[in-house]
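First up is the structure itself, then whatever we jot down about it.
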Amino acid sequence: MLRLHHAVRLRLLAQRVSVAGVISPSNCGMALHALRQLGACNAHDRELLRRVDEVYLQADLRSRANMFHCLACCIREQHSVHAGLPKSLPPLLAKMQGSMLGDVDELSPTECILVMEGVLKLTPYRCATPQLAAVLRTRSAALVDVVSNPVELIGIARIIVEAMQEPRPCAAGDDDAQAGADHLHPGWSQELREISGTIESRLDSFGKQDLLTLVDAVTPRVAPRTPKAALARENAERGSGDRAIRDVPDECRSLLLRVLSSTRRRVTTLSPSQVSAWLFRVVCLHRQHHPLFLSLLQQLDDEQVRSAMSASQLSTCIESLAETLRACHEENTLSHTDLQFVSRVVAKLLETLVSSLEKTGGSSQDCSVYLVPATLALSEEVVSGRLALSSPLMERLFRMLYCHFETLKPRERADVVTAVFLWGLLRQAPTQRREQRRDQRRDLDLPQSGAGDVCSPALWCNAVLANVDAYNALDALQLMNEVSAAVYAEGAEGGAGSNYNLSLVRPMLLRLHERLQGMQGDLHEVPSSCLARYLASMSKLGLRRKADYYSVLNILQQRELTDFEGLRVLGVVARHHLRAVPLITHTVRSLPRLASALHPKQKCLLLKCLGQVRAQRFVQAPHHRSLALGAFLTRDEVAKEISVLSAIFALVGLVDLRQFENETIDCLLQGPLSRHDEFAEVRSPTTLSELVAALCRLDRRRVRTATVQAALKAAAGPLATSRSFFVDLADVSFWLRLVQGRPSLGPDVVDGDRPRRSDEEAADYAVAVANYVSAAAAIAKTRLLDIAGSNALKPNTFLFSQLAIGYRLGVSLPRTSERLLSCHLDTKHLPQLLSDPRQVIGAVTTARHIWTFNPGAAAEVFRFAEKNFGSLGAQEVLLLGVEMTEALHDAEASAGQAVELMRRLQTLSRQSLSDAARRKKLSVQELALGARYGAVAEDSVPSAPR
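For any residue, its number in this note's numbering is found by taking its place in the sequence shown, counting from 1, and adding 1.
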């Protein structure tokens, strides 16, 4: 016998039914109904429609009602309500309705219900016969008092609810037109109220399955209204499920409560399939607070009930309870105890599902239909810690998924790999994994799998690399963003990332990045949230090619970003010194709105980012109204809601933005930053060094010396283990003269609330600075010698900053090493330094130290600084003048091109700082430093006490 796939058989049967003479007219109604139930009734099939047209008038009334109902339902399922029907359909539908109208008085209650439902399905297409609809509406309402069969009562209720729900006919271009049923229209309210009351009075005659059918009939699916602008930015994440919301008409609320209560009384008699079905409906109706929900949970807690469920029912229950955990956590509709119970039941359901599929062998179809959706539904809860799954269970789950990994769709593969990293499967110690696998196989008598070690990053990284070309932009972005977030976030948590071998994970991420860079056209269609995360992922990977960042940044700058997306993008722009003037100006203009939209922690981070991207060009110094105390950060927020780390971000940001007269600074110094013992909890050397520099730039009358000393002590500790030493030292070395000269710079406090600074305090401060500088200098010398001895040393511009930091710290290198390093200074690409003007000053610092033995390179740098003098800010001009004054003092009577260039730079600096508007952008301490070196007139430094 010829073996055919069931789908092929159905298709052949459907074709056979369409042949004239095969099915008699009296059987056509049931045949069409059967085809629809099997999904084989195609409203586009001309042969089938021709056969229906031929036999329709020959069939009896019941068959005609069935045929009309089936065809109307198929049309609604297969044709958009906003597109015209094929030309062959309207005449056929008109013919069928005309026949029904002629025999309307002979329709039985069941047939009347079928025809009325068919008419409602056709209403949006403007194909319904008004006379038939009016007659049937009157008859349907009158049937309430005639019928007693629960099925017929439910049918009448369904008709009335669908009549209220049907979208009105509208033009295809109407903005309010939606493809689904999303409105409940008045007009049938009284009829619905009557049928609800009748059903409620007869509810005791309804069986358990009748109650399920009734709930579906009176709770129409409603698609949430989503603005088109939001749709354009909608994140295409898979796993949220997009469950259809079910709406309860006001007229049916009392009935629904009665149905739920009745079901609760019968809950112990429900079959496993009915338990699953009821759980799904209770969750869709958001009725988790009803006692029925916990009763269903208690049923699911019974192992016999779970073991009797099919894989489909188990998966449905898992997805429903995952939605419950998510929704109830946000809305606080269940107690903590109940949520814990939900979590335990979910874990048991997943255990049962995995065990069931292990026993049956688990095909790739099972993985796609049951395991992958369940995994996606649970991801958010597992990652947030609201759901705890045992390591053996996770390993069994992902082993099965890996065994069928090659046969999954690319989107499903991306979802599985994402879950592997986010769920923490790869964080276990190797010995612990082996013991658990051995115990698991012994307990479950599982055969040795060919999947290998599913807890090995190498296994999953190789799986991704083997299929990387199959991923589209969204799949690749999902992998890139989620895996980098998991790996690098854990790597920052005190060694938690040691289980990830970056030599395995990083190549995978770089390959995904290459794939994405080759899909630039597709990135324009990707939601902004994904692209913003992609920028952050590139930054975590430490990618330095700015063209890659700009390819994404240019897309984002053409869009309207959310506040959080803008903050994330701004952070990347700041870290990599990217040019994003539209983004920066938009952010500055939005400061008043952001003050109320962001959390205090986010506002502190925003201040730091704005300072790093040189937004001081767009704010007024020394006091910008939108950043004033109370306008941006409030006293209560500073005192009660921000941590020391956030306070550091805020202070550094305000100082970089030149807000020297902002009262928020005093609140920060007297509030979180007065807790000096907490400085040691800040693990970033860069942040601590920035804090030291910011404190020393402020008027010393406002900052306690003890605060600066505590910051210096905390900053010295992490330097020895820093992986980015020169980046860490960039800020504090730039302002090292201010740090070292702080006790003697600026006006003294002659009287007032604070006593005169004692000589002992100044001596202690000098010791703290000396300890910090000596520790940093020793490390800098070692690093520079390592660079000089490296075989991989090539000309580069970053070497300017590295040497400048060494010179500022007083590092003395062997002359051969110093000459070697100076020969690798890349003077051909000096314009790269303009992304951060402080790098220009670093290059000048290096040039003034090497001009005696490498005058050519030094002259190139000096000429470059002179040519681009206009791009320097007030602070850079000040430090340039100081550097040139020192250099000319050391040069004494020397002559030459380099010395002449240094004199010209000194003159330019003095002329620029003679402008009162420019001096207004300098702090008291900066003015005092300029006065000491002759870059600023001494009478411009405030001398009166505050």
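A virtual CB, placed ideally from N, CA and C, is assigned to each residue, including glycine.
Three-state class that DSSP yields for residue i in the structure shown
{"i": "residue 772", "result": "helix"}
{"i": "residue 90", "result": "helix"}
{"i": "residue 335", "result": "coil"}
{"i": "residue 869", "result": "coil"}
{"i": "residue 797", "result": "strand"}
{"i": "residue 80", "result": "coil"}
{"i": "residue 438", "result": "Unreliable positioning characterises residue 438 in this predicted model, as indicated by a pLDDT of 49, which lies under 50. The coordinate reading is nonetheless provided below. Note: residue 438 maps to helix in three-state DSSP."}
{"i": "residue 934", "result": "coil"}
{"i": "residue 853", "result": "coil"}
{"i": "residue 561", "result": "coil"}
{"i": "residue 526", "result": "coil"}
{"i": "residue 763", "result": "helix"}
{"i": "residue 269", "result": "helix"}
{"i": "residue 303", "result": "coil"}
{"i": "residue 285", "result": "helix"}
{"i": "residue 951", "result": "Outside the displayed span of the chain (2 to 947) sits residue 951, for which this structure offers no information."}
{"i": "residue 897", "result": "coil"}
{"i": "residue 939", "result": "helix"}
{"i": "residue 463", "result": "helix"}
{"i": "residue 957", "result": "Outside the displayed range of the chain (2 to 947) lies residue 957, so it cannot be described from this structure."}
{"i": "residue 537", "result": "helix"}
{"i": "residue 42", "result": "coil"}
{"i": "residue 424", "result": "coil"}
Cβ-Cβ distance between residue i and residue j below 8 Å
{"i": "residue 683", "j": "residue 665", "result": "no"}
{"i": "residue 357", "j": "residue 312", "result": "yes"}
{"i": "residue 396", "j": "residue 456", "result": "yes"}
{"i": "residue 708", "j": "residue 766", "result": "no"}
{"i": "residue 1", "j": "residue 318", "result": "With the chain running from 2 to 947 in the structure shown, residue 1 is simply not present."}
{"i": "residue 1", "j": "residue 875", "result": "The displayed coordinates of the chain run from 2 to 947. Any statement about residue 1 would go beyond what the structure contains."}
{"i": "residue 529", "j": "residue 562", "result": "yes"}
{"i": "residue 299", "j": "residue 274", "result": "no"}
{"i": "residue 67", "j": "residue 36", "result": "no"}
{"i": "residue 605", "j": "residue 643", "result": "yes"}
{"i": "residue 257", "j": "residue 249", "result": "yes"}
{"i": "residue 213", "j": "residue 200", "result": "no"}
{"i": "residue 814", "j": "residue 785", "result": "yes"}
{"i": "residue 847", "j": "residue 808", "result": "yes"}
{"i": "residue 418", "j": "residue 461", "result": "yes"}
{"i": "residue 297", "j": "residue 252", "result": "no"}
{"i": "residue 57", "j": "residue 51", "result": "no"}
{"i": "residue 335", "j": "residue 394", "result": "no"}
{"i": "residue 692", "j": "residue 712", "result": "yes"}
{"i": "residue 141", "j": "residue 165", "result": "no"}
Spatially closest choice to residue i from the options, by CA coordinates
{"i": "residue 95", "options": "112, 135, 107 and 54", "result": "54"}
{"i": "residue 654", "options": "370, 613, 824 and 27", "result": "613"}
{"i": "residue 558", "options": "547, 586, 537 and 487", "result": "586"}
{"i": "residue 322", "options": "364, 98, 377 and 268", "result": "377"}
{"i": "residue 830", "options": "804, 852, 858 and 809", "result": "858"}
{"i": "residue 934", "options": "919, 907 and 918", "result": "907"}
{"i": "residue 885", "options": "843, 872, 916 and 855", "result": "843"}
{"i": "residue 877", "options": "690, 202, 790 and 617", "result": "617"}
{"i": "residue 738", "options": "71, 42, 353 and 883", "result": "883"}
{"i": "residue 746", "options": "419, 702, 341 and 569", "result": "702"}
{"i": "residue 741", "options": "127, 772, 413 and 721", "result": "772"}
{"i": "residue 303", "options": "268, 779, 473 and 79", "result": "268"}
{"i": "residue 202", "options": "159, 219, 165 and 154", "result": "154"}
{"i": "residue 668", "options": "677, 688 and 635", "result": "635"}
{"i": "residue 566", "options": "760, 607 and 207", "result": "607"}
Any chain C beta carbon closer than 8 Å to residue i
{"i": "residue 77", "result": "Among the chains in the structure shown there is no chain C, since it carries only a single protein chain."}
Stretch pair the segment 510-526 + the segment 566-573: three plus CB contacts closer than 8 Å = no
Okay, do the segment 919-929 and the segment 719-735 touch, 3+ Cβ pairs below 8 Å being the bar?
-> no
Does the segment 889-908 come close enough to the segment 618-626 to have 3 or more Cβ pairs within less than 8 Å?
-> no
Write down every uninterrupted run of the alpha helix (DSSP H) in the segment 715-746 whose length is 4 residues or greater and which is fully enclosed by it, in chain order.
-> 726-735 and 737-742
Contiguous beta strand (DSSP E) assignments of at least 3 residues, all confined to the segment 784-832 | none
Alpha helix (DSSP H) runs wholly inside the segment 609-691, at least 4 long, in chain order | 645-657 and 664-671
Give a yes or no on contact between the segment 658-673 and the segment 627-639, applying the rule of three or more CB pairs nearer than 8 Å.
-> yes
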